Every structure is written in C-alpha cells, then in structure tokens.
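Engineer: 1 is the number of the first residue of the sequence shown in UniProt numbering; add one for each residue after it. Each residue gets a CB set at the ideal place from its N, CA and C atoms; glycine is no exception. Here the structure is a predicted model, which is why all the values come from computation and not from measurement. Would you mind keeping the following structure in view while I ask a few things?
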Amino acid sequence: MKISKIKSHLLDCGYRSDLLRSDYQFSEGQTVNPLVGFSQLPLDARSSCVAVLQTKGDPKSEVQQCRPTGAPLVFVCAGDSLQWWRQGAESPTWVDSVHEDTVEQFFDDRRDDFSPDAIYRAKTWGRFRKEFQLSFVDIGLMPLVEEEVGNALEQFIERSVTSTKSRLGWNVISAEQGHWLLKSVFWLLSARILRDKSVSTFTDLDLPDVDNTFSTLARHYGTPSITIGSNLQREALSQVAEELVRFSNLSLTTTESLAHVYENTLISKATRSELGTHSTPSYLVDYIVGNLSDWIEEIPEAQRSVFEPACGHAAFLVSAMRLLTELLPASKATPGRRRQYLRKRIHGIDKDHFALELARLALTLTDLPNPDGWDLKAEDMFLTDALETQSKTNTILLANPPFENFSESESQHYQAKDASPTISNKAAEMLKRALEAMQPGSVFGFVMPQSVLHAKFASEARRVLLERFELREISLFADNVFSFADVESTVLIGRCVGASTKASNSVRYQKVREWQMDDFRSSYQVANARVVSQSRFVEADDWEMRVPDLEEVWDYFSKHSLLDERASLGQGLQYKGVTLPENAITYSSSEFPASEQGFIRFEPDDIDTTSLPKSFWMSLDDSLIRRALTGTTTGVPQILLNYAPVSRGPWRLKALIDSIGHPVTSRFITVRSNQFSLESLWGILNSPVANAFAFSHLGKRDNIVGVMRKLPVPEGEIFPELDDAVRTYFTAAESGCPADEMQQLLARVDAAVLARYDLPVDLEHKLLSLFDGWERLGVPFCQADLLPQELGGVVRFSDFVKYEADWPSTNGRRGVLIDKKIAGTISPHERTELESLQAYAELYLDRETPTPTRELERLEEMILSRSGKSGGES
C-alpha cells in the first residue's frame, strides 16, 4: 500500500491537489514524512484534516508524532493493508484495518464523511452543533494543540526578553524600553512564522539580518519599521533571531495560538489595568461565532460585514473572517478573489496600538498569502461616533469590551471633550450605544460582565435589548473564564428585529459553574441549560435578566412566608476608617474601658457550626461607629450568619447560635426572631434549602441581607422534632461523639427541616442534587452527598433517614404493603410508599449483603457448561 494510492482517493473525496502536501515538515526531529490534507488556506492546525504516512515501525507512535498537525484523521500504509487511526487529545486510537483490495470501496462509502469540508466543520463547529459531529473527530484535539503551541511560543518570548535585557544591560527598564523589546521580539517571531508558512517575500529571509527582517515585515504590514538605536541592540536582537532559527517549525501555528501569547506574554500589567483588557479565550470566540453562523449565513453575501469594538488582537474578527470565507462559493474563496471582499468587511478599533499590530498579523496569517490592508484603527470608541457609525453600517457585531467602570479622571477627560458617558460602566455604555445603532437583520455576540443582567446602571441598555432584539442565548460564566480578570461574565447572542420583537421568543439560558468549565472548554457541555421566554425579562422590574438556579423549587415556595416576615435580619456595625480620632481603640484582644465582648471576624475559617467565633473586646462608642445597623444590640439571643460566603460551592452558609447576644461587626448578619426558637433558626439556616437559596440567588456575591430576607421558611412556628434534633446534635458535639454518629444526627436535623418544607419528591431531588460532590463545611465529618443517587426522585430525604434508623421496622412495613399489593387492596398513597421502600431495600441489601459476583459468574459458567454437554449427549 503506497501513499500515492491514498492521495488519489483523497482527491476523489474533495481535497484540492494544492492543499495535499507531501513529505510535510511540521516539527524538528520528526521521523515520519506524512501527506497532510487541508480544507483551506491558511495551512494550519485548524484547517488540517487528514494525515497519511508509511509505517516504518510502530504505527501508534508514528501516528502520535503527527499530533502537532492537528489532523484528526490518520491513515497508515502498512504492507497490503490501510490502518485507520483516530488522533486523540490524549493518545491515538486504532479504528479499523482495510485490505488493499477493498480500499477503493472503503473511501467510496465514506466520501462525504472524509471530505475536507465535513472534517473542518466537525473540528470547528462540531463542538457545539451536533449535526456536524463525526465519530472519528476528537473535538478536544484542536484546542489542545493550539494551547501547546501557544505555551511553547510564550516560553520562547519570555526567555528571549530576559536574555536580551541581560545583553543590553537593562536591569531596570522604562515603559518605552519594555515596549520596544517586546515588539522587536514579536516582530522576529512574526517573520519566522511567515517564512515557515512559505509567504513568497519571506521564504529566503535571513532572520539574523534584523534590519532587513524588520523592513521586509514593515512592507508586508504597510507600517513603519522598528528603529534599532545601536549596534548593541542590533547584536542582541540578532542573537534572538539565531535562537529563533533553531526553534521548532511554525508552519502550523494558528492565530489562536498567538492569542495565547498575547494574553500571557505580550500585554503588560499596566496596559491590562489601564485599558481593562481581558483577552477572549479562543474556545469562547468559536462558541459565539459558531452559534451565530446560521443567522450570518442568512445575511446576503454582499451585506455580510463585521465590526469588533475594543478588538484587541482581533480574536472575533479572525473567527468571523474564517466563517465569511467558508460561506463564499469556491470560485470566490481563492486568495486573489477574496482579498478585497474580506478587507471591505472586516473592521476593528482599539486604543492599544500594540494589540492592533498583533491583530494585523493575525488577520494576515488567516488570509495567506495576501498582505495587510485591514481596516484597523487606533481609536477610543467612547470619544468619537465610530461605535455608532460602525454598528449602524455593519451587520455582524462581536465584542468583549472593558468591564470596568469609568474612573473619575476618565469621566473628566470625556466631559472635557464633550463626550460624557451616559452610563458609569464601560461595557454597559458600549452595549447601549451599539444596540441603539444596529439595524434590523444585524446580529451580535457580546461578552459582558454579569452585572449588565441586573444592575440599575444597565437598565436602559436592557430595555433597548429586549424591545428591539430577539435573544437567542444568555450564558453565565464563573470568574475563571479569563486568565487575568476575576469577574463573572455573561455571553449575549441575539439579532435585531426592530420594533417587532416577539415577546414569546424562546431564549436558551445556561450557567457554567467554575467546576464545569473544563467540560465547556473541551466540548461545550452544559448540564443545566434551559429555555425561557423572553417575555419574562420584558415584564420584570427594570428589565432584569437573571434566572435563578432551581427556579421550580423557589416557584413552589412562592406562597411560603419569607424569613423577614418571621425574623429580623441586619448587618453588624461598621467602625469609622480614616476619620477615627487619634489613638482611638475600636477593638482589642484585651479589655479596655467601656468595652464589651463581641465578634469581629467570622473565624477561624474552619469554625464548626456548633461553636462561636474568637471573641474580642469591642468599643460601642457612637463616635467611633460609622454605621451601627444591628451590630450594637446586646443581650438579645440571635443567630450569627456569615456575610462573606464560606466557599465558592453551594455550601456557603454557617449559622451559629449566640444565646447571649454579642455585638458584632459587618462581617456578620444577625437573625433574631420572636416566632422561631434559636434551634429552629439554626436548623433552617444551615439546611440544604437555605444554602441552595443563597447559592442560586447570589452566585459569587456576599450573603446580602436584602436577598437573605427573601428566604422562604416552613409554615408554622413551633417545630418540636426539629428543636429536639438540634439539641441532640449539640449535646453530641459537646461530648465528642464519633464522626459517623454526628453525621446521622445532623441528617435528623436536615430531615426535620425538609419534612417541614414538604417539597414534592422530584423537586427535593433537584435541590439535593445541587450538593452532589461538594463537601459540607462546618461539620466534624466528611459528607459529599446527601442522598444516594439510586434513591433520587423516589425516596424523600426524611424517609431515607427514617429507614436508615430502623431497618427491621422499614422491612416489616414493606412486607405489609407487598401483601396489600398482592391482595389488590393497596391504595395509591401506599403504592407510592411501597416504591420508596422497595428502592431503599435494594440499596440496603446491596450495601449490607453484597452479591458475590465472581462466585455467581463461576457458578453460571459451570451450569451452562453442563447444560451444553447434556444437550450434546441427547
């Protein structure tokens, strides 16, 4: 079997001869020389589809060598057969072997699946559109390859910058020197990439001749060259170029790999802080553009045009440009014909000049071999009308703007220029101005801070959005999306329909939690996606666009009393800051005049819920207190609740009993009630219901008093079974009861609370499932699950605790109901009870008397063996 034979079959599958590269060189030290097939230009790890190689030894290791190509489909010619391998993110997998006599039929049967367009779509769009997925394409391969290349380039740039500083004797460098240094190293890297990608003017480039290298690159960009101020600088850069010559082949480098370099290496902390820069990760860019692709395809070819305000390194523009090229007829997608089409339809603005240089390179690399000519302008979108003008004239808007509020100096600057913002937040200001200018039929994909969904400052932007647009998706993300920004974000995807917005429009609404991000990055899987009507946001106060987790549970509790109807809640006192009198003492570990013992901080961090925090002596002098709130009240028994969440997971509350009534600071919420006992309040506020409520409604935020006041509470005032369970738990804690017994006793408390809430079993299961895999805090035992998964949706938690406490009685009751079922006298209520008992009985028996599986299998084999012999003899 020869590679040349497979090449002819690939041509029949739709590969262009000029995109099938023989003896492809992609890394230093490679021992295989594969034929690599690409779907389109540029030839990189995104467009690579198939690799074909002639085995020289171990096929698996040879296939593994081809991993940097990013090609998911690999064929190995081995003797008289063809091996089919699936290149994976972790390791390659053998799929099948085909004899050479049937190879032609093999490719004929799979012509559509093996076509370059099908594989490219599976690699890129298949991660979130199932109709494009192919079983032999590992959707996690391409992002991983891009990240690995990005990491290698990042390390090279860091080494080069450090060594060049040393050669120049720059121990402490100015901002100007730092910019020159980074830009120079980056230009050398750019030239090497263009050379490896065989761009005609770079193929014979001698990189260490830095003057010629810079002038060649400047001509390609259409920008001034970098000034080399001395021979020492020239020699230092020449050394970097020498090292770069020895670096691995960069022909398969994607613009997404360069985005990783920009975010992690090329952007300074000062720039990130000044401009609010947080680079959009490539997986999020692909997700947004991919989810807009069908709408973009509906826009007439001549009307498709893209605008990215605050474009940075042009991540969105690059992705959109790939899509625009993909949507062109083949005759128009050639480099020569698409050049002007794309340059008239790609527009970006940004304040960061260096980011725009990277943007030019990224766009140029994506449109090889064509040179620059892109419409990228260094401009402040808040200072001119460019934002409105471009939003009005373009049909595709993509953006990840700065999330910060305008500083006082910035507001004064814009005011002096007669360009005062109307909203205090930069992202919301951009959103409102862009949405107001967009025309019907235009589409958008924006990354925003989550505050735009609910904050008052963004209410006008939300009104415009809900009145003029149909929303397709609202996705909420934890604060670990961006490498250098600790902020919760949201993705908004929609289309302008003018004044005819359908109130009944359905919106995909999903939350991606911190621990779900790995799955989302690799395959865009989201466990809790739901569909809601856009009308709910239109009808909400201030057009609020939040949907809490477990909404069905909170809807069920809508007629329950709220906590603030049965108790008073408030935040503790706040001392004055810089305005405190000189030598004033607010608190101390030692007693001082007119001081009282109280609590300053919710510590230690691992404090048990049966304990109290470390006490201090506190001053309650009015002259030292900025806000007293409820923190100065003493002598009133209370529950102390943590103001800051104790974890990022769903177990975020710790309620403590303060039977004396100490003064507390604002790190505490005080809960006092004349209707509930302290024991009942403690049980309710430490329960799964209260923790789930806080987690669902507050996310990353503190336990805001105004929200906690809305916690639904059980009906009634006196809960003797709950009070008794709490007192028993406290007594056991004081006596040092073993951990397993403490867990059982706290389960009695939770059971008493949940029984009072009386949720339907399916809703209770949804609530309890929120805590699966999360270790409970403030308890002397390890507990990561509340209810065994086998019982979810069948057995109530209170019944589970009862069954666990007394198996003989449980089994006896099961027997009675079984007899009733056989006799035909069982009632509907009893039938439901029997289902619950049967589910528990199966769990109990499997746990207490596990089936000897191996022995049964051996016995089964013996019986079957004898049966076979007996059958043969008859």
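For Q415, is the classification buried or exposed, using 16 other Cβ atoms within 10 angstroms of its Cβ as the cut-off for buried?
Structural biologist: The sequence position of residue 415 within the sequence shown is 415, counting from 1. Exposed is the call here.
Engineer: Out of P650, V50, K432, which has the shortest C-alpha to C-alpha gap to D117?
Structural biologist: In the sequence shown, the residue the question calls residue 117 occupies position 117. Checking every option, the nearest Cα to that of D117 belongs to V50.
Engineer: From the DSSP output, which residues share a beta bridge with K511?
Structural biologist: By one-based count along the sequence shown, residue 511 stands at place 511. Bridge partners of K511: L476.
Engineer: Quick one, are the C-beta atoms of S680 and F719 less than 8 Å apart?
Structural biologist: By one-based count along the sequence shown, residue 680 stands at place 680. By one-based count along the sequence shown, residue 719 stands at place 719. Taking 8 Å as the Cβ cut-off, S680 and F719 qualify as a contacting pair.
Engineer: What is the DSSP secondary structure of I822, counted as helix, strand or coil?
Structural biologist: Position 822 of the sequence shown, counted from the start, is the residue given in the question as residue 822. Three-state result, I822: helix.
Engineer: Measuring CB atoms only, is the segment 396-413 touching the segment 352-370, in the sense that at least three cross pairs come out at less than 8 Å?
Structural biologist: no
Engineer: Report the three-state DSSP secondary structure of K559 (helix, strand or coil).
Structural biologist: If you number the sequence shown from 1, residue 559 lands on position 559. Here K559 sits in coil by DSSP.
Engineer: Evaluate C496 with the Cβ neighbour count: other Cβ atoms within 10 Å of its Cβ, from every protein chain shown; 16 or more gives buried, anything less gives exposed.
Structural biologist: Numbered from its first residue, the sequence shown carries residue 496 at position 496. The residue is buried, with at least 16 neighbouring Cβ atoms inside 10 Å.
Engineer: For D799 versus S769, is the C-beta distance shorter than 8 Å?
Structural biologist: Residue 799 sits at position 799 when you count from the first residue of the sequence shown. Residue 769 sits at position 769 when you count from the first residue of the sequence shown. Going by C-beta atoms, D799 is not nearer than 8 Å to S769.
Engineer: Under 8 Å by Cβ, that's how I've got L722 and V671 pegged, so tell me the actual separation to the nearest angstrom.
Structural biologist: Taking the sequence shown and counting its residues from 1, the one referred to as residue 722 is at position 722. Taking the sequence shown and counting its residues from 1, the one referred to as residue 671 is at position 671. Between V671 and L722 the Cβ distance is about 16 Å, and since that is not below 8 Å, they are no contact.
Engineer: Within its chain, find whatever has a CB closer than 6 Å to the CB of T586; leave out the 5 residues flanking it on each side and keep chain order.
Structural biologist: Within the sequence shown, numbered from 1, the residue matching residue 586 stands at position 586. Cβ within range, chain order: Y575, S619, L624.
Engineer: For a minimum of 4 consecutive residues, which ranges assigned as the alpha helix (DSSP H) are wholly contained in the segment 323-390?
Structural biologist: 335-343, 353-366
Engineer: Taking DSSP's pairing of strands, which residues face A51 in a bridge?
Structural biologist: In the sequence shown, counting from the first residue as 1, residue 51 sits at position 51. Answer is V36, V74, bridged to A51.
Engineer: Considering only residues of the same chain and omitting the five flanking positions on each side of R345, which have a CB-CB separation below 7 Å?
Structural biologist: Numbered from its first residue, the sequence shown carries residue 345 at position 345. Once the five neighbours on either side are set aside, the close Cβ partners of R345 are R304, S305, V306, L324.
Engineer: Would you report the Cα separation of A437 and R462, rounded to the nearest angstrom?
Structural biologist: As a first step, residue 437 must be located in the sequence shown, where it is residue number 437. As a first step, residue 462 must be located in the sequence shown, where it is residue number 462. In a straight line, the C-alpha of A437 is about 14 Å away from that of R462.
Engineer: Distance check for A399 and G312, CA to CA, integer angstroms please.
Structural biologist: Stepping through the sequence shown from its first residue, residue 312 is reached at position 312. Stepping through the sequence shown from its first residue, residue 399 is reached at position 399. Their Cα atoms are separated by approximately 10 Å.
Engineer: With DSSP as the reference, please indicate the residues paired to I718 in a beta bridge.
Structural biologist: The residue labelled residue 718 in the question sits at position 718 within the sequence shown. Here I718 is not bridged, per DSSP, to any residue.
Engineer: Keeping to the same chain, check which residues put their C-beta closer than 6 Å to that of V245; ignore five residues upstream and five downstream.
Structural biologist: Position 245 of the sequence shown, counted from the first residue, corresponds to residue 245. The answer, listed in chain order, is L207.
Engineer: Just the Cα atoms here: how many angstroms apart are Q744 and G778?
Structural biologist: What you label residue 744 is simply residue 744 of the sequence shown in a count that begins at 1. What you label residue 778 is simply residue 778 of the sequence shown in a count that begins at 1. Their backbone Cα atoms lie some 15 Å apart in a straight line.
Engineer: How about the segment 694-704 and the segment 641-650: do they share at least three Cβ pairs that are nearer than 8 Å?
Structural biologist: yes
Engineer: Between L834 and V707, what straight-line distance do the alpha-carbon atoms span, to the nearest angstrom?
Structural biologist: Locating residue 834 in the sequence shown gives position 834, where the first residue counts as 1. Locating residue 707 in the sequence shown gives position 707, where the first residue counts as 1. Cα-Cα distance, rounded: 40 Å.
Engineer: Any idea which residues DSSP pairs F446 with across the strands?
Structural biologist: Stepping through the sequence shown from its first residue, residue 446 is reached at position 446. DSSP, once it has assigned bridges, lists A399, L492 as partnering F446.
Engineer: Could you check if P688 is buried or exposed, using at least 16 other CB atoms within 10 Å of its CB as the buried criterion?
Structural biologist: As a first step, residue 688 is located in the sequence shown; it is residue number 688 there, counting from the start. Buried.
Engineer: Would a C-beta distance cut-off of 8 Å place Y287 and F446 closer than the cut-off?
Structural biologist: Numbered from its first residue, the sequence shown carries residue 287 at position 287. Numbered from its first residue, the sequence shown carries residue 446 at position 446. Not closer than 8 Å, so no.
Engineer: Tell me the rounded alpha-carbon separation between K820 and Q516.
Structural biologist: Position 820 of the sequence shown, counted from the start, is the residue given in the question as residue 820. Position 516 of the sequence shown, counted from the start, is the residue given in the question as residue 516. Cα-Cα distance, rounded: 47 Å.
Engineer: Work out the CA separation of Y221 and V512 for me, nearest whole Å.
Structural biologist: For the purposes of this step, residue 512 is taken as residue 512 along the sequence shown, with counting starting at 1. For the purposes of this step, residue 221 is taken as residue 221 along the sequence shown, with counting starting at 1. Distance between the alpha carbons of V512 and Y221: 40 Å.
Engineer: Can you grab the Cα-Cα spacing for the pair T69 / V261, in whole Å?
Structural biologist: Looking up residue 69 in the sequence shown gives position 69. Looking up residue 261 in the sequence shown gives position 261. Approximately 19 Å, taken between the alpha carbons.
Engineer: Between the alpha carbons of E243 and E410, how many angstroms are there, rounded?
Structural biologist: By 1-based counting over the sequence shown, the position of residue 243 is 243. By 1-based counting over the sequence shown, the position of residue 410 is 410. If I take the Cα positions, the gap works out to 43 Å.
Engineer: Between N370 and the rest of its own chain, which residues show a CB-CB distance below 6 Å, the 5 nearest in sequence each way excluded?
Structural biologist: Here residue 370 is taken as the residue at index 370 of the sequence shown, counted from 1. Cβ within range, chain order: P335, R339.
Engineer: In chain order, what residues of the same chain lie with their CB nearer than 7 Å to the CB of R322, ignoring the 5 residues before and after it?
Structural biologist: Indexing the sequence shown from 1 puts residue 322 at position 322. These residues qualify, in order along the chain: T366.
Engineer: Over the uninterrupted beta strand (DSSP E) stretch that includes L246, give me the two end residues.
Structural biologist: Residue numbering aside, residue 246 sits at position 246 when the sequence shown is read from its first letter. For the sequence presented, residue 246 should be read as Arg rather than Leu. No beta strand (DSSP E) holds R246; DSSP gives it neither H nor E.
Engineer: Just reading off the beta strand (DSSP E) that V532 is part of, what are its end residues?
Structural biologist: Taking the sequence shown and counting its residues from 1, the one referred to as residue 532 is at position 532. Per DSSP, V532 belongs to the beta strand (DSSP E) from 530-533.
Engineer: Alpha helix (DSSP H) containing D209: first to last residue?
Structural biologist: Numbered from its first residue, the sequence shown carries residue 209 at position 209. No alpha helix (DSSP H) contains D209, which DSSP labels as neither H nor E.
Engineer: Grab the span of the alpha helix (DSSP H) containing W682 for me, first residue to last.
Structural biologist: To locate residue 682, count along the sequence shown from 1; it is residue 682. 678-685 is the span of the alpha helix (DSSP H), which, as asked, contains W682.
Engineer: Quick check on F520: does DSSP put it in helix, strand or coil?
Structural biologist: Working through the sequence shown from its first residue, we reach residue 520 at position 520. Of the three classes helix, strand and coil, the one that applies to F520 here is helix, per DSSP.
Engineer: Considering only their Cβ atoms, is the gap separating D740 from F797 smaller than 8 Å?
Structural biologist: Counted from its first residue, the sequence shown places residue 797 at position 797. Counted from its first residue, the sequence shown places residue 740 at position 740. Contact flag unset, no.
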